[in-house]
Amino acid sequence: MSFRTHLESVVNQVDGALACSVMGFDGISVDTFQREEAGELDLSGAWVEYANLLTQLRHAAESLKTGAVSEVSVNSDKVLTLMRLVSPEYFLVLALRADGNYGKGRYVLRVTAPKVRAEL
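Take a look at the structure:
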């Protein structure tokens, strides 16, 4: 399977999903699937910033010896963003409408992450 197939599957399984991407911690997207309705949002710009945030959170967790970060969410008025680590270099990010199915998004990312890791 290709990355695109996995990403499209995530978006299609989660109510309110707008887009899903495989991102590197350098802020560069490996592949993205995005619904048309997400076109007015600057998701790629937000995800670059969130990659930086996720990097800082990983370093903080190491310093505090709390264990590895596996998942982070950023919830704003319009978009819920879920990020799940796939490997030390990559993570999955999912954007949902504010009324999207947050729990299902977390679940689908959790079961999709090993499939994406196998593709890397």
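Note that the sequence shown covers residues -11 to 108 in the numbering used here.
Glycine included, each C-beta is placed from N, C-alpha and C at the ideal position.
Approximately 13 Å separates the beta-carbon atoms of residue 26 and residue 86; this is outside 8 Å, ruling out the contact. Here residue 9 is buried. Its C-beta has 16 or more other C-beta atoms within 10 Å. Secondary structure at residue -9: helix, using DSSP grouped into helix, strand and coil. The three-state reading of DSSP puts residue 91 in helix, counting H, G and I together. A direct Cα-to-Cα measurement between residue 106 and residue 81 gives close to 17 Å. In the three-state DSSP reduction, residue 23 falls in the coil class, being neither helix nor strand. A buried status is given to residue 22, since no fewer than 16 other beta-carbon atoms sit within 10 Å of its beta-carbon. C-alpha of residue 30 to C-alpha of residue 6: approximately 12 Å in a straight line. Separation of residue 100 and residue 34 (C-alpha to C-alpha, rounded to the nearest whole angstrom) is 22 Å. Take the alpha-carbon of residue 54 and the one of residue 94: they are about 21 Å apart.
When the alpha-carbon of residue 24 is set against those of 79, 36, -4 and 48, the nearest one is in -4.
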